[in-house]
Amino acid sequence: MTQAPEVMHPVVLLLSGPNLGLLGERQPEIYGSETLAHHVEAAAAEARTLGMAIEHVQHDHEGDLVEEVHRARGRAAAIVVNPGALTHYSWALHDALKVFDGVVVELHISNPAAREPFRHTSVVSAVADGTIAGFGGLGYRLAVRAVAELLLQRGVLAAAGAR
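Heads up: the sequence shown is residues 1 to 163, going by this note's numbering.
Below, the structure is given as structure tokens:
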């Protein structure tokens, strides 16, 4: 019997920045009570229904996130990044994402524009295809859907995968 060839799904790297490992404990009035693991599973489930695969990495250190972006080049079709506080000042992350040739979606659980003034500036937005912010945990699924649509438009994702 002939075995069916393995279908390769586009990889979406989900990057989580500093302090996101504390979701569920840290400021639930702002970030909700769901854990990062819950959000990652929701994103992974959404990706599977759309014909993609999620790889998740969380680091509290800027350089580690930059290295993950470098490793994603030529391997991942997209990056969804919740940079946490790095959003506002990490030119290193900005520069790394700028040379990534796939889709980049910036993600925030809260709406930074509705918070303290220092959170209103994002150095990541300029190199992202778009930003999803303020939708709580739903944002993870929305970010994956946005990636699927952009990959479909670029011919990286088959139409059957983007239901």
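Glycine included, C-beta positions come from ideal geometry on N, C-alpha and C.
Selected residue, minimal CA-CA separation from residue i, among the options
i	options	result
Tyr89	Glu62, Gly102, Ala43, Leu20	Glu62
Ala85	Gly102, Lys98, Ala76, Asn111	Asn111
Leu157	Ala76, Val123, Val57	Ala76
Ser16	Leu150, His39, Arg154, Ile30	His39
Leu150	Gly136, Ala128, Val103	Val103
Ser33	Gly136, Ala159, Gln153, Asp129	Gly136
Leu13	Asp95, Leu20, Gly130, Glu55	Glu55
Asp60	Pro28, Asn82, Asn19	Asn19
Leu23	Val144, Gln58, Met8, Thr49	Gln58
Trp91	Ile79, Gly74, Asp101, Val127	Val127
Gly130	Ala96, Asp95, Gly155, Ala78	Ala78
Gly74	Phe100, Leu93, Asp95, Thr87	Phe100
Ile132	Ala45, Thr87, Gln153	Thr87
Ala144	Pro28, Glu29, Ala44	With the sequence shown as reference, residue 144 is identified as Val, and Ala is not the correct amino acid for it. Of the candidates Pro28, Glu29, Ala44, the one whose C-alpha sits nearest the C-alpha of Val144 is Ala44.
Cα-Cα separation between residue i and residue j, rounded to whole angstroms
i	j	result
Val11	Met52	6 Å
Arg26	Leu36	11 Å
Ala146	Ala113	21 Å
Ala72	Arg115	31 Å
Val81	Ala159	24 Å
Arg154	Asp64	29 Å
Arg48	Glu41	10 Å
Tyr31	Ala148	25 Å
Leu50	His9	9 Å
Terminal residues of the beta strand (DSSP E) in which residue i lies
i	result
Thr49	Thr49 -> not in any beta strand (DSSP E); alpha helix (DSSP H) instead, spanning 36 to 49.
Leu165	The requested residue 165 is not part of the displayed model; the chain covers only 1 to 163.
Ile79	78 to 82
His56	53 to 58
Glu116	Neither: Glu116 is in no beta strand (DSSP E) and is coded neither H nor E.
N- and C-terminal bounds of the alpha helix (DSSP H) containing residue i
i	result
Val66	62 to 72
Leu93	91 to 98
Ile30	28 to 31
Quiz item: Would you call the region 133 to 140 and the region 104 to 122 in contact, with 3 or more CB pairs under 8 Å?
Solution: yes
Quiz prompt | Meets three-Cβ-pair contact criterion under 8 Å: the region 65 to 82 and the region 112 to 121 | solution = no
Quiz item: Which full runs of the beta strand (DSSP E) of 3+ residues lie inside the region 128 to 154, going along the chain?
Solution: 130 to 133
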